[in-house]
Amino acid sequence: MTTTGSTKMDAIDQCLLNEMQDRFPLVREPFRELAARAETTESDVIDRLAAMRASGVLRQVSPIFDTKALGYATSLVAMRVPEDRLDAAAEVVNAHPGVSHNYRRTHEFNMWFTIAVPSGSDLKAHVDAIGRLAGAESTRMLPTLRLFKIGVTLDMTGERDMGHRSAPQYTHEQREVAASNTLSARDIEVVRAVQGDLALEPDPFAAPARAFGIDPDALLDALGDLKERGYLRRFAAILRHRKAGFGANGMAVWRVSEDRIAAVGQAMAGYTAISHCYQRPVYADWKYNLFTMIHARKKGECEDFVAELSREHALDDVAVLYSTTEYKKIRLAYFTPEFDNWERQHVHANGAADAS
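Listed below in structure tokens is the structure:
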């Protein structure tokens with residue numbers, strides 16, 4: 010029995026969470042299959058997951074679609090906000106329907122969020138509006154130039170050390186293939202049908218299938234097709250990092266020469282402890298072009314791992330930005346009218362005012 014945050018977990022809990030982060034079964038009775046893997050019963054699995062949801066460890070169980078592959082324009086954004094305005098600025102940022110993550114971090118650029126807007130919307134106009142409304146002193150868009158890795162998998166068993174390696178589940182090439190194709194109207198309806206939190210019940214895909222007006226097996230086939238085509242990265246359990254025992258979540262940013270960044274990025278993507286790895290642009294006041302998200306149980310573990318990476322790859326220009334406040338973390342809701350409403354109110358209205 011281990012204690013995670015304020016929650017006690019046994020080996021079955023840990024097994025379930027590991028399986029559900031990486032290998033959630035897309036079948037009619039997924040909790041029955043998970044029970045077989047964990048050598049318990051379906052009802053026990055459902056009860057355990059309900060308890061972990063109530064305790065806050067389990068945030069949700071849902072599909073993780075690739076936002077960019079679905080046609081959205083996306084970016085990480087860094088803002089420098091006066092300390093006495095941070096909470097008010099966070100409210101402004103969080104109100105945007107395309108902001109899925111927003112954190113306070115330990116840096117002069119102290120607010121970091123991810124934003125997505127649908128095809129046809131002007132991403133820069135949205136970011137400029139947020140910066141203006143939030144009272145930011147500086148706003149920097151840091152879109153992905155190259156994806157090396159994306160996908161958080163927290164080892165709940167403690168069996169893997171920080172240096173454990175595994176192949177990335179979703180790659181730049183998969184994203185490029187998906188983005189080169191066109192989503193059908195049926196694809197979009199499938200996304201809408203399943204993008205909520207999965208019910209903890211024996212046949213959890215039945216209700217969203219009914220809402221979509223098709224057979225649950227057909228819905229599962231459609232999800233499998235979206236995964237094969239690169240739109241669905243995975244179906245998984247999403248955990249609250251700190252509640253799950255990972256209290257040190259550091260964004261290690263590196264200054265890497267252009268001739269080395271592809272090789273270094275691919276190498277760093279091979280570490281399981283690194284959940285995200287991207288190449289991003291630089292500015293006069295932001296010199297780091299390789300971003301890695303590292304999840305560790307303690308700050309010392311994170312710093313030791315960064316030092317090891319620095320030695321291994323001969324990189325000495327690195328900074329680690331720790332998240333100190335989670336202002337927002339949600340799964341983005343796709344193909345909804347909220348984007349248009351926000352754009353009319355804050356982008357078009359401001360443009361009309363400037364022109365008058």
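Under our numbering, think of the first position of the sequence shown as 10, with each following residue one higher.
Every residue gets a Cβ at the ideal spot worked out from N, C-alpha and C, and that includes glycine.
No Cβ-Cβ contact shorter than 8 Å links L235 with V273. One Cα belongs to V329, the other to M120, and the distance between them is close to 14 Å. Partner residues in the beta bridge of T334, as assigned by DSSP, are R113. Going by C-alpha positions, E48 is about 29 Å away from Q204. Cβ contact annotation for I197 (same chain, cutoff 6 Å, sequence separation greater than five): F344, in chain order.
Annotation for N298: no beta strand (DSSP E) segment contains it, and DSSP assigns it neither H nor E. Shown here for M277: same chain residues with a beta carbon closer than 6 Å to its own, the five before and five after excluded, namely I283, C286, T301 in chain order. The alpha-carbon of V262 is positioned some 9 Å away from that of D326. Measuring C-alpha to C-alpha distances from P290 to each of A138, V90, M150, A63 identifies M150 as the nearest.
Exposure of K307 is indicated by the presence of fewer than 16 other C-beta atoms within 10 angstroms of its C-beta. Taken in chain order, the complete alpha helix (DSSP H) segments of 4 or more residues contained in the segment 197-260 are 215-221, 225-237. Residue pairing from DSSP places L67 in a beta bridge opposite L248. Here R219 is exposed. Its C-beta has fewer than 16 other C-beta atoms within 10 Å.
Secondary-structure assignment with DSSP links I124 through a beta bridge to S84, V108.
Pairing R89 with E146, the inter-Cα distance amounts to about 5 Å. Note on K158: 16 or more other CB atoms within 10 angstroms of its CB, so buried under the neighbour-count rule. At a Cβ-Cβ threshold of 8 Å, D212 and E28 do not count as neighbours. In the displayed model, F344 falls within coil according to three-state DSSP, outside both helix and strand. In the three-state scheme derived from DSSP, where H, G and I count as helix and E and B as strand, S284 is classed as strand.
Straight-line measurement puts the Cα of V102 at about 9 Å from the Cα of V136.
The segment 311-324 makes no contact with the segment 97-116, as fewer than three CB pairs between them are under 8 Å. Counted as a single uninterrupted DSSP element, the alpha helix (DSSP H) harbouring M29 occupies residues 20-31.
Here S130 carries a coil assignment [DSSP, helix/strand/coil].
Take A143, set aside five residues on each side of it, and the residues of its chain with a beta-carbon closer than 7 Å to its own are M88, V90, A98, V101, V102, in chain order.
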